[in-house]
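Reviewing the structure listed below.
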Amino acid sequence: MSDQPEAIPDEAPVKTAKQLEKEAKKLEKLKKFQEKQTKIQQTKEVSKEKTEKKETKKKETKDEPIVYTGNTEPGEKKDVLGPLPSSYSPQYVEAAWYPWWQKQGFFKPEYGRKSIGEKNPKGKFVMVIPPPNVTGTLHLGHALTNAVEDSITRWHRMKGKTTLWNPGCDHAGIATQVVVEKKLWREEKKTRHEVGRDKFIEKVWEWKQEKGDRIYEQMKLMGSSLDWDRACFTMDPKLSRAVTEAFLILHEAGDIYRSERLVHWSCTLKSAISDIEVDKVELSGRTPLRVPGYPNPIEFGVLASFAYKLADGSGDEIVVATTRLETLFADVAVAVHPEDERYKAYVGKLLVHPFCDRKIPVVADSFVERDFGTGAVKISPGHDHNDYEVAQRLGLPLITVLNEEGVIIGDYGEFSGMKRFDARIRVTEVLTEKGLYRGTESHAMVVPLCSRSKDIVEPLLKPQWYVRTGDMAAKAVQAVKTGELKIIPDHHTKTWYSWLENNRDWCISRQLWWGHRIPAYKVTFCDPAKQPKDITESDLWVSARSGEEAESKATAKFQVTKSEIVLKQDEDVLDTWFSSGLFPFSVFGWPDKTPELEAFYPGELLETGHDILFFWVARMVFFGQRLLGKLPFKEVFLHPIVRDAHGRKMSKSLGNVIDPLDVVTGISLEGLQARLMQDSNLDPAERERAAEGQKRDYPQGIPECGTDALRFALASYMTQGRDINLDILRVQGYRFFCNKIWNAARFSLSIVSSLLCSLDLSLATNSYLCANPTQESLEPSLDGGRLSVVDLLFHAMLSDRVSASYTHLKRWSDHVEKLLANQEDAVVKAAQAEVSSSKPSPMDAWILSRLADAVATCNKAFSKYEFNTITTACYKLCDVYLVSNNKAFSNTITTACYNLWLYELCDVYLECIKPVMGPAGSLLDKAHAARTLLTVLNVGLRLLSPFMPFLSEELYQRLPSPNLAPSITVAAYPEQEEFDPLKNVSLEQDFELVQKIYTSIRSVRSDYQVVKSQKTQVFIDCLDSRVCTMIQSFALPIRTLAYCSDILYNPTVPPPSCATAVVSEKVGIRVSLEGLIKVDKEIERLNKKEDYLKQVIGKLKDQAAAEDYEVKVPETVRTANADKLKEAEGELSRLPAALEALKLMQ
1 MSDQPEAIPD
11 EAPVKTAKQL
21 EKEAKKLEKL
31 KKFQEKQTKI
41 QQTKEVSKEK
51 TEKKETKKKE
61 TKDEPIVYTG
71 NTEPGEKKDV
81 LGPLPSSYSP
91 QYVEAAWYPW
101 WQKQGFFKPE
111 YGRKSIGEKN
121 PKGKFVMVIP
131 PPNVTGTLHL
141 GHALTNAVED
151 SITRWHRMKG
161 KTTLWNPGCD
171 HAGIATQVVV
181 EKKLWREEKK
191 TRHEVGRDKF
201 IEKVWEWKQE
211 KGDRIYEQMK
221 LMGSSLDWDR
231 ACFTMDPKLS
241 RAVTEAFLIL
251 HEAGDIYRSE
261 RLVHWSCTLK
271 SAISDIEVDK
281 VELSGRTPLR
291 VPGYPNPIEF
301 GVLASFAYKL
311 ADGSGDEIVV
321 ATTRLETLFA
331 DVAVAVHPED
341 ERYKAYVGKL
351 LVHPFCDRKI
361 PVVADSFVER
371 DFGTGAVKIS
381 PGHDHNDYEV
391 AQRLGLPLIT
401 VLNEEGVIIG
411 DYGEFSGMKR
421 FDARIRVTEV
431 LTEKGLYRGT
441 ESHAMVVPLC
451 SRSKDIVEPL
461 LKPQWYVRTG
471 DMAAKAVQAV
481 KTGELKIIPD
491 HHTKTWYSWL
501 ENNRDWCISR
511 QLWWGHRIPA
521 YKVTFCDPAK
531 QPKDITESDL
541 WVSARSGEEA
551 ESKATAKFQV
561 TKSEIVLKQD
571 EDVLDTWFSS
581 GLFPFSVFGW
591 PDKTPELEAF
601 YPGELLETGH
611 DILFFWVARM
621 VFFGQRLLGK
631 LPFKEVFLHP
641 IVRDAHGRKM
651 SKSLGNVIDP
661 LDVVTGISLE
671 GLQARLMQDS
681 NLDPAERERA
691 AEGQKRDYPQ
701 GIPECGTDAL
711 RFALASYMTQ
721 GRDINLDILR
731 VQGYRFFCNK
741 IWNAARFSLS
751 IVSSLLCSLD
761 LSLATNSYLC
771 ANPTQESLEP
781 SLDGGRLSVV
791 DLLFHAMLSD
801 RVSASYTHLK
811 RWSDHVEKLL
821 ANQEDAVVKA
831 AQAEVSSSKP
841 SPMDAWILSR
851 LADAVATCNK
861 AFSKYEFNTI
871 TTACYKLCDV
881 YLVSNNKAFS
891 NTITTACYNL
901 WLYELCDVYL
911 ECIKPVMGPA
921 GSLLDKAHAA
931 RTLLTVLNVG
941 LRLLSPFMPF
951 LSEELYQRLP
961 SPNLAPSITV
971 AAYPEQEEFD
981 PLKNVSLEQD
991 FELVQKIYTS
1001 IRSVRSDYQV
1011 VKSQKTQVFI
1021 DCLDSRVCTM
1031 IQSFALPIRT
1041 LAYCSDILYN
1051 PTVPPPSCAT
1061 AVVSEKVGIR
1071 VSLEGLIKVD
1081 KEIERLNKKE
1091 DYLKQVIGKL
1101 KDQAAAEDYE
1111 VKVPETVRTA
1121 NADKLKEAEG
1131 ELSRLPAALE
1141 ALKLMQ
């Protein structure tokens, strides 16, 4: 062979005929292939276009909310004859019901009775609302209060009691005045002093009219079943009269007196404030804080030391430490501990004040902490509560050096007229110049801030009015100890005893304009010589309903004529808590003996947040026992405080407050941010942090959840003993729960209607739900035919719903009754025997047993206010696997409702009856299933109603059951005694094993990725004949829930290609995988899955081990991570057995 390449010919050789034929075939094939590819591409494009259109249509449909479009006039009943929408829509469900409830008078105690005085053998339930402040809109704390109180009220109403939940609004003295003052300055650049008292009060009333109505509307949107005809405001004439009368009674009895004492003073508000209006801010050390009226932040958390020289000229000194150098001018002593050896020799000696010629003593008192600073502290009783107590014990004088505006007063040279914190800086400089300053150190401390003005609270000596509370507090303590008054949860009784057994008299004066002006008048003698000697300043005051009455009382008291004295009413107003303390009886017309007071006082329950146990609850108990001789209520139920998902208190200053209506209707992130930016009272830096927090917590905004979901979520959070860290995503989860209930009811009504459309007469013309198959089944009877078993069952269900207006149904009913009357008819007897001998299926009996359990749980939990139990019981009715593995969650109201609906009804029972209601099911089985299903729906909705009033009413009105109440609001709450006979403990125990069987089968299928559409053959090995018989009775549910094609029991020869699992000591399962999996690929997949699960477990454990994990990570995320870890560990533990089974199949 030559190494040279072959030459390329100039022309291609001529092809043979065979070659040409072959090429032609190739070209034909290529043409067909290209045509096919073109067709495929066209099909893809058409399919893509259809998909895009479908997705666009789906998106458009999704974006358009389903709303109620019926022509229902306000107050008229909603039209429920139309079909149920395809999915749950809060806007649709919540429309129209509330005005109808209100117009029907369902919320009034008179409903169903001739008068409020009529005795009700079932008893009464009366509760007053904690009146919200008329300062703006409701927040989630109010939403929690409304959700809890309305649920309790609705439960009692459904129990048949005479029920009253009385609404009201509080004037909120300081809070409202501050808001209106800011509004006045923002809009008119005027202070309240510039417009005058009367004009300013007019503006506050305008604000009240605007905000009060808005608050009431919010309550109605929350579904609160309050008697609005009895709504009241604490400044209404009726309640104002009660305030005046209470003051007069207590003052004339000596229980109200006037005295000069230290009070919490807000220099910005120029008023005394209550303890609850003081925020105690803990500082770990040096911290700059912004103070109103100062351009630069003021440093706190600093302990300053300076020296006091002895007055004996020895040159000795005592170094004292203080956090408040500006009050040095008010020092009257230096105190040391009596057992402190360092200072024993100095006790009793005098010290030289560095800024005046005052000599102050060294005193000994055990309140001094020897380890604090130098062990010596300055005593300025005019500006410190502890120092005031020392001065009272040791007889030291009281000196005030700050006025109401926080300015230095007195003869102190350059310091006089200087603002308090400016003086602090200058004092430091002068002490340094004098050689007396000894330096500073960082110091942990608590700074008292006014919650309204954010000013540093100043203790000031002021003459104020006080209520003498010693005897009242003692009686309040005794009432709890004897059980006459019950506080729930009971751990709050320790707080009750702690506060009331160490009780101080209550300062009720406030230096405000908005509120109940104190009905006290000071007497001034025109001739001072005629004023009685040895009279105190307090004796110069008289209390009266008017100036004329005060004049009459004063002349009689001092035996003078009108011309000899001048009277002036106190400019101050009463503490808001004073009028609030009268609320349980002032709303019913006290001091008059009205029919309402007779009927509704005392009430049964007071429900409120635990943070106002002393400030409000104790005061109501004080006044109720003191003025009426009766406790205002028998029980006090205290709910937790709502915090954000990170555990922070919801506060406007933090910008993390959520409007409940934003959760109900939904709001975008942009909407949240815009509202935040509109808050002019928020610190810019805090606003920025809040905005970042919103972006992190609500990147997609807050979705529309609806009122029912919000109410249910808040109730489910009610775990007694801890505050609520509210995660909005959890509320959204209950929105999905609402959709689950909706779909369950819609599906149930449709399958019942397809069987018995005329069962619900209101749906008889509804073509969407009813194809009227009943008409065909009734034809033989109408033609004179014999009775069937189904005729008898239908007649038992329909007899009291039949009326002459339904001609077809009436003819059939009359015919059935005629045949039933002839007891000699053998066919009738045979049919009746068949009906009476027929029994519900095991699944029918099981769901009714679970229903009975939910009824018992809900009633017991409601009576104990265990809300988390009730909601979960209802939820459970609608994954049984979770039920059997989460027994700890089945003892509270919300738990009971949740489990009933979600895990038992929806996930189990409805799935199990689908084959029964199909073509293969017998009419008798269908009738039993239909009756059972309607029973569960009816009872389940009534259990749910206190929490979800709108959804439960919408579905209740569509039930085809006889004898329905006009509204679920006044329907009877299911009673335990009524449903106890349905409880079947042994059946439930059997079904627990059934649950384990089908969940084990599903677990095996999941491990090998067998999809639902692939039915598997299952073999069950059982060593107990009774258990085997029981399992066989549940064969259909097991096949349905485990996606089985067939079940064989105790096979003699072990089947090939099976995955096995142990269910119990006596039961095992084998799932045939023949033809369903490729063994080698499955082994490879499980090995990869093992590596993946190990990585997931390691990552989750590392996250949980982080130091700040419990603090920074929201509770819901921690819970979700714990669930993921448990699931991953469980899955990993099953992999070795699955791999071993696969190896045996190779």
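Under UniProt numbering, the very last position in the sequence shown is 1146; numbers go up by exactly one each time. A virtual CB, placed ideally from N, CA and C, is assigned to each residue, including glycine.
Query, Result
"Buried or exposed: which applies to M718, given that a residue is buried once 16 or more other Cβ atoms fall within 10 Å of its Cβ?", "buried"
"Which first and last residues belong to the beta strand (DSSP E) in which T1060 is found?", "1058–1062"
"By Cβ distance below 6 Å, which residues in the same chain neighbour L1142 in space, the five residues on each side in sequence not counted?", "V1079, E1082, I1083"
"If you draw a straight line from the C-alpha of D611 to the C-alpha of Q1103, how long is it?", "34 Å"
"Of the residues D697, S753, D534, which one's Cα is nearest the Cα of D727?", "D697"
"Run through the DSSP bridge pairs and tell me what H264 is partnered with.", "I273, P459"
"Tell me N133's beta-bridge partners as DSSP assigns them.", "D170"
"Tell me where the alpha helix (DSSP H) around C1044 begins and ends.", "Note, C1044: premise wrong, no alpha helix (DSSP H); beta strand (DSSP E) at 1044–1049."
"For my contact list, C1028 and Y1049 are in at a C-beta cut-off of 8 Å; report their separation, rounded to the angstrom.", "6 Å"
"Could you pull out every residue in the same chain whose Cβ sits closer than 7 Å to the Cβ of V1062, ignoring the five residues on either side in sequence?", "G1068"
"Closest to K735 by C-alpha separation, out of F747, V664, T191, A479, would be which residue?", "For clarity, residue 735 is Arg in the given sequence; the question names Lys instead. Among F747, V664, T191, A479, the Cα nearest to that of R735 belongs to V664."
"One question on the structure: do V67 and Q957 come within less than 7 Å of each other, judged by their Cβ atoms?", "no"
"In angstroms with no decimal places, state the Cα-to-Cα distance between L923 and M917.", "9 Å"
"Using only the alpha-carbon positions, how far apart do L1144 and L1132 sit?", "20 Å"
"Does the region 488–500 come close enough to the region 533–541 to have 3 or more Cβ pairs within less than 8 Å?", "no"
"State the DSSP-derived secondary structure class of Q4, mapped to helix, strand or coil.", "Because the pLDDT at Q4 is just 36, under 50, the model does not fix this residue reliably, and the value given afterwards should be weighed accordingly. Coil."
"What are the boundary residues of the beta strand (DSSP E) that G439 is part of?", "437–442"
"Name the DSSP beta bridge partners of R258, please?", "W465"
"Should Q700 and L672 be called a contact, given that it needs their Cβ atoms to be closer than 7 Å?", "no"
"Please state whether DSSP places C1028 in a helix, a strand or coil.", "helix"
"Label A544 either buried or exposed according to how many other C-beta atoms from any shown protein chain fall within 10 Å of its C-beta, with 16 as the threshold for buried.", "buried"
"Can you give me the C-alpha to C-alpha distance between K190 and V179, rounded to a whole angstrom?", "14 Å"
"With three or more C-beta pairs closer than 8 Å as the rule, is the region 238–256 touching the region 594–611?", "no"
"Spatial neighbours of A175 within its chain, please: CB distance less than 7 Å, with the 5 preceding and 5 following residues excluded, ordered by chain position.", "N133, T135, R452"
"Scan the region 96–148 and note each continuous beta strand (DSSP E) run of 3 residues or more that stays entirely inside, going in chain order.", "124–128"
"Within 10 angstroms of its Cβ, does A444 collect 16 or more other Cβ (buried), or is it exposed?", "exposed"
"Using the C-alpha atoms, what's the distance from S580 back to E404?", "27 Å"
"Using the C-alpha atoms, what's the distance from F558 back to F622?", "32 Å"
"Could you check the C-alpha separation between L328 and S380 for me, to the nearest Å?", "7 Å"
"Rounded to whole angstroms, what's the CA-CA distance from T774 to D907? Just pull it up for me.", "Because T774 sits at a pLDDT of 41, beneath the cut-off of 50, its placement in the model cannot be relied upon, and the point is left open."
"May I ask you to report which of helix, strand or coil DSSP gives L84?", "coil"
"When you compare each of K1112, D1108, K1094 to L1125 by their alpha carbons, which one comes out closest?", "K1094"
"Tell me the rounded alpha-carbon separation between G940 and G921.", "25 Å"
"Rounded to whole angstroms, what is the Cα-Cα separation between A335 and L396?", "12 Å"
"With H, G and I counted as helix, E and B as strand and the rest as coil, what does DSSP make of F367?", "coil"
"Using 8 Å as the cut-off, can you tell me whether the region 1036–1045 makes contact with the region 995–1004, which would need three or more C-beta pairs spanning the two stretches below that distance?", "yes"
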